[in-house]
Amino acid sequence: MRRIFAWLRTRSPARPRRTWCLAPVLLLILLASANSPALAEVRVTDDTGREIVLERPAARVIALYGAFNEILDGLGRAETIVARTNADVTPARIARLPVIGTHMRPNIEAVLAQKPDLVLQMAGRKEASLPVDALAKRGVRVAVFRAGSFAELFSVIRRVGVLTGAEAQAEAMVRGLEERLAALDARIAATKERPRVFFEVRSPNMLAAGRSGLVAEIIRRAGGANCVEEKGKFARLSEEEIVRLAPEAYLIQRGPMNPAPLPLSKRPRLRSIPAAANGRAWFVDERKYSRPGPKSVDAAEELAALLHPELSKTPSAPPARTNTSAKGAKKDSK
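Position in the sequence shown (first residue = 1) + 906 = our numbering.
What follows is the structure, encoded as structure tokens:
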């Protein structure tokens, strides 16, 4: 644009003619520039209170937490992803991208080599903040978000939409997810039973979902009652304590945090709990339940159908039921 105006300023007998000829072209360029999101500065405040300012929507993004890749894919911005952590393979197109280390310990030089204009991280353990600080010191813009509830998750989606020039798409996504949750709430309100639910995050060295966090809200929105009493996001429990809690439904997540969990039938101390006796123990997908993202609503709908089979809407592919001693229970599908 500067070169065009410099050329117009040169003295020439033909100047009036060429100015007249270029006027429509210049008008179109100016209008396009004014309306183009690619040239507009964007800014949001992340959940550390840091203001993230980009000269234009991010075109090269690295997510240090896999849920952001799913959000970007849902916003139609998967093409902006330029690298991945070693545990992330969805959406499918990112499987061939360069690997930059783990969620907690990314290789800083590998990240810098991809020249990202935005890095996304989920707030959590203190270790996750160390690479954030290291990248920020190297001039990389890093946005850190928290998604401990559906309300927080929807705020994250909206802000990622702003940062990537997909604000309208983000609003449409959130609106659709909110409508599905509202419909689920209405269906659950018509039920009376609130089965006591235990959500296994990891075993052995048992770790369960506590009363706070997105998993706790998924259980509640699905018409269950978390039987774990601790108010934090996680609770460390012994099998004896689980027996005392007497859960009526037992969810065992499978994924990176819990790669090879045993069915309850192979845990002698837990065979007596109501969930095992009644055949209400299921394996569920960790990436759907414990990774905040668009699939979190899928998890709530899926769990509602498991806890309340009387509901008309059921998931297309229900989780595998663990092998228990209950009559009619299916064998473990592991």
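The C-beta atom is built at its ideal place from N, Cα and C for all residues, glycine as well.
Short Cβ contact (8 angstroms threshold) for residue i with residue j
{"i": "Leu1018", "j": "Val967", "result": "no"}
{"i": "Arg1044", "j": "Leu960", "result": "no"}
{"i": "Val988", "j": "Leu978", "result": "no"}
{"i": "Arg1127", "j": "Leu1090", "result": "yes"}
{"i": "Val1027", "j": "Ala1016", "result": "At residue 1027 the sequence reads Gln, which differs from the Val that was named. No, these two residues do not count as a Cβ contact at 8 angstroms."}
{"i": "Pro1167", "j": "Ser1109", "result": "yes"}
{"i": "Pro1012", "j": "Leu970", "result": "yes"}
Cut-off 8 angstroms between Cβ atoms - residues of its own chain near residue i, not counting five sequence neighbours on either side
{"i": "Val1080", "result": "Phe1060, Ile1063 and Arg1064"}
{"i": "Ser1202", "result": "Phe1056, Leu1059, Leu1120, Ile1124, Lys1194 and Tyr1195"}
{"i": "Arg1031", "result": "Met1010"}
{"i": "Lys1137", "result": "Gly1116, Arg1117 and Ser1118"}
{"i": "Phe911", "result": "Low per-residue confidence applies at Phe911: pLDDT is 45, beneath 50, and the placement is therefore not dependable, though the value from the model is reported in the following sentence. So the list is empty, once near-sequence residues are dropped."}
{"i": "Ser1144", "result": "Met1112"}
{"i": "Arg1086", "result": "Val1203 and Glu1207"}
{"i": "Pro1215", "result": "none"}
{"i": "Glu1077", "result": "Arg1064 and Gly1067"}
{"i": "Val1005", "result": "Ala989, Arg990, Thr991, Asn992 and Ala1016"}
{"i": "Ala1042", "result": "Val1048"}
Strand pairing of residue i, partner residues [DSSP]
{"i": "Gly1161", "result": "Asn1164"}
{"i": "Pro1012", "result": "Gly1007"}
{"i": "Arg1150", "result": "Paired residue(s): none; Arg1150 is not in a bridge."}
{"i": "Met1028", "result": "Phe1051"}
{"i": "Leu960", "result": "Val948"}
{"i": "Tyr1156", "result": "Phe1104 and Ala1187"}
{"i": "Asn1132", "result": "Val1103"}
{"i": "Ile987", "result": "Val967"}
{"i": "Arg1142", "result": "Leu1113"}
From the options, residue whose alpha carbon lies closest to that of residue i
{"i": "Ile1094", "options": "Gly1130, Leu1151 and Arg1142", "result": "Gly1130"}
{"i": "Arg999", "options": "Ile1006, Ala984 and Val1005", "result": "Ala984"}
{"i": "Ala973", "options": "Gly1199, Glu1207 and Asp1204", "result": "Gly1199"}
{"i": "Ala1088", "options": "Ala1206, Ala1166 and Ile1014", "result": "Ala1206"}
{"i": "Thr986", "options": "Ala964, Tyr971, Asn992 and Pro1004", "result": "Ala964"}
{"i": "Gly1185", "options": "Pro1153, Arg1175 and Gln1027", "result": "Pro1153"}
{"i": "Val1050", "options": "Val1066, Arg1044 and Lys1043", "result": "Val1066"}
{"i": "Lys1098", "options": "Leu1217, Leu960, Tyr971 and Thr954", "result": "Leu1217"}
{"i": "Glu1135", "options": "Ala1115, His1214 and Val1038", "result": "Ala1115"}
{"i": "Pro997", "options": "Pro1012, Val1005, Gly1007 and Gly980", "result": "Gly980"}
{"i": "Asp1191", "options": "Asn1164, Glu1077, Ala1183 and Phe1140", "result": "Asn1164"}
{"i": "Ala1180", "options": "Pro1101, Leu1041, Glu1073 and Glu1085", "result": "The residue you asked about is not Ala; residue 1180 is Pro in the sequence shown. With distances taken between Cα atoms, Pro1180 lies closest to Pro1101."}
{"i": "Asn1132", "options": "Pro1012, Pro1215 and Val1103", "result": "Val1103"}
{"i": "Val1149", "options": "Lys1139, Arg1175, Gln1159 and Glu1085", "result": "Arg1175"}
{"i": "Asp953", "options": "Ala1053, Arg1197 and Arg1173", "result": "Ala1053"}
{"i": "Ala1074", "options": "Trp1188, Thr991 and Gly982", "result": "Gly982"}
{"i": "Glu1147", "options": "Arg1197, Ser1178, Leu1209 and Ala1092", "result": "Ser1178"}
{"i": "Asn975", "options": "Arg1197, Lys1172 and Arg1142", "result": "Arg1197"}
Close-in-space but distant-in-sequence residues of the same chain around residue i (CB under 7 angstroms, 5 per side omitted)
{"i": "Ala1096", "result": "none"}
{"i": "Ala940", "result": "Residue confidence for Ala940 is low, a pLDDT of 43 falling below 50, so the modelled location carries little weight and cannot support an answer."}
{"i": "Pro943", "result": "Confidence is the limiting factor: at Pro943 the pLDDT is only 45, short of 50, which leaves the residue's position unreliable, though a coordinate-based value still follows. Pro963 and Gly1071."}
{"i": "Ala946", "result": "Arg962"}
Test: residue i CB closer than 8 angstroms to a CB of chain D
{"i": "Ala946", "result": "In the structure shown, chain D does not exist; there is a single protein chain."}
Cβ-Cβ separation, residue j to residue i (assumed contact under 8 angstroms), whole Å
{"i": "Ala1241", "j": "Leu1213", "result": "A query on residue 1241 cannot be resolved here, the shown segment of the chain reaching from 907 to 1240 and no further."}
{"i": "Ala993", "j": "Ile1014", "result": "About 18 angstroms; that fails the 8 angstroms criterion."}
{"i": "Glu1106", "j": "Gln1020", "result": "Incorrect: roughly 36 angstroms between the Cβ atoms, too far for contact."}
{"i": "Leu1157", "j": "Trp1188", "result": "6 angstroms"}
Same chain, Cβ closer than 6 angstroms to residue i, neighbours up to 5 away in sequence not counted
{"i": "Thr951", "result": "Glu957"}
{"i": "Ala1029", "result": "Asp953, Val1050 and Arg1052"}
{"i": "Leu1083", "result": "Val1203"}
{"i": "Lys1139", "result": "Gly1116, Ser1118 and Gly1119"}
{"i": "Val864", "result": "With the chain covering 907 to 1240 only, the question about residue 864 has no answer from this structure."}
{"i": "Pro1037", "result": "Pro1012"}
{"i": "Ala1141", "result": "Ala1114, Gly1116 and Val1134"}
{"i": "Gly955", "result": "none"}
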